[in-house]
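Engineer: Residue numbering for the sequence shown is 8 to 329, as defined by the numbering used here.
Note that CB positions come from ideal geometry on N, CA and C, so glycine has one too.
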Amino acid sequence: KEIEINLLPSFDSLKNPFVNFWYSLKYLPKLYQADFVYYLAEFPYCFLFFWFGYLNKKFFIHAHGTFAVSFLDNFKYKFVVKKIYQMAEKIFCVSNFTKNEILKRVKLDNLVVTPNGVNFEKFSYPSNKHNFSPSPQEKIILSVGALKNRKGYHISIPAFALVLKNFPQLKYYIVGDQRDVNYYQKLQNLVEKHQLKGRVIFLEKIDDEQLIDLYYQSFLFLLTSIIVNQNKFEGFGLVYLEANACAKPVIGTYGCGAEEAIRNGYNGLLVPQNDIEKTAEAILKILSNPSLAKEMGVNGKIWAKKHEWSKMIKECIKFIKI
């Protein structure tokens, strides 16, 4: 049976809830014609679903960490969002951590956990572009993710400085959106404080082939996410799977969705949040043991293969009945 799929345009959240509502109304006819709707738990479209459920139209929500929870703590939005969550046929949470954070705020029996998937085919082969070519003596540590406080770069940079004493040929590449200028400046100050100029390299707006090349040129992947407050956290951490698909060991943190992307000691290591010394120890453990790094990389590729999108989509489809 052929299925017609209509994609609505995405746009940044509008701050005023009334503007949100009226702006999204123009897409109501398309939603009304649909047999069911699958959407991310973000604004402003969710305002439509306050009415949508009463029209006997099924809708499904994809809850991806921070944005699935933050509006439940917002005085202006929480009543509407709670009602929408209760009306949804199913809410697909990317991790048990995300699921539990939602349940702390609203009682629901329609939550299921379906982890993020990775485009395994895309990341499992080296790129044809070779923009980054370290010397045989150099090793690259890589982080990928927007420069936000919750990504924990203010922890990983000082940890890198500690490791550099044992591995002076190291370089640390941080790839991500730099729109948070205050946090970016904070990181620049850390680089200056620890005398890491030329050792820590910030990159932004690189294409997929360049990113894949960086994954393959790196020795390990590092992202020490932290919980900034009760509703800003790492929901899962797709970048860990991307690195694993490139056969790279990964380092993440306990107490967030990274726990479900990383099996400690298998495809990578987990460290406590906000712990510079433990982070440095984990980096040193992998750098000083190439056989362990290779084993974790091989395991990571197997792990990523189990999480490829085609398999994750099938898990979702099991719950979508129209």
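1. Using only alpha-carbon positions, find the residue among Gln40, Tyr34, His71 that is nearest to Asn107.
2. Distance, Cα to Cα, Arg112 vs Val76?
3. CB Gln280 to CB Tyr261, shorter than 8 Å?
4. According to DSSP, which residues form a beta bridge with Asn236?
5. So Arg157 packs on Val257, CB below 8 Å; how close in whole Å?
6. Quick check on DSSP: helix, strand or coil for Tyr132?
7. Find the nearest neighbour of Val119 within the set Lys37, Lys193, Asn103, Asn138, judged by alpha-carbon distance.
8. Can the beta-carbon of Phe67 be found closer than 8 Å to that of Ala252?
9. Compute the Euclidean distance between the alpha carbons of Ser131 and Val87, then round it to the nearest angstrom.
10. By the three-class DSSP mapping on this structure, what secondary structure does Leu210 have?
11. Could you check what DSSP says for Cys253 in three-state terms: helix, strand or coil?
12. Who are the Cβ neighbours of Ala268 in its own chain at under 7 Å, not counting the five residues just before and after it?
13. Where do the ends of the beta strand (DSSP E) carrying Tyr179 lie?
14. Under 6 Å Cβ to Cβ from Val151, same chain only, skipping five residues before and after it: list those, please.
15. Tell whether a beta-carbon distance below 8 Å holds between Asn117 and Leu291.
16. Compute the distance between the beta-carbons of Leu197 and Pro165, then report whether it is under 8 Å.
17. Please name the residue, chosen from Asn271, Asp42, Leu221, Pro141, that lies closest to Leu149 on a Cα-to-Cα basis.
Structural biologist: So, from the data block:
1. For the set Gln40, Tyr34, His71, the Cα lying nearest the Cα of Asn107 is the one of His71.
2. Rounded to the nearest angstrom, the two C-alpha atoms are 8 Å apart.
3. By the CB criterion at 8 Å, Gln280 and Tyr261 fall inside the cutoff.
4. When DSSP reads this structure, Asn236 sits in a beta bridge with Lys239.
5. About 17 Å separates the two Cβ atoms, so there is no contact after all.
6. Coil.
7. It is Asn103 whose Cα lies nearest to the Cα of Val119.
8. Not in contact: Phe67 and Ala252 (Cβ atoms no closer than 8 Å).
9. Taking the straight line from one Cα to the other gives about 42 Å.
10. Strand.
11. Three-state DSSP puts Cys253 in coil, outside helix and strand.
12. Cβ within range, chain order: Phe243, Gly244, Tyr247, Leu248, Gly259.
13. Boundaries of the beta strand (DSSP E) around Tyr179: 177 to 182.
14. If we look at Val151 and ignore the five residues flanking it on each side, its Cβ neighbours are Val182, Val246.
15. Cβ distance not < 8 Å, so Asn117 and Leu291 don't count as in contact.
16. Yes, Cβ-Cβ distance for Leu197 and Pro165 is below 8 Å.
17. Considering only alpha carbons, the answer is Leu221.
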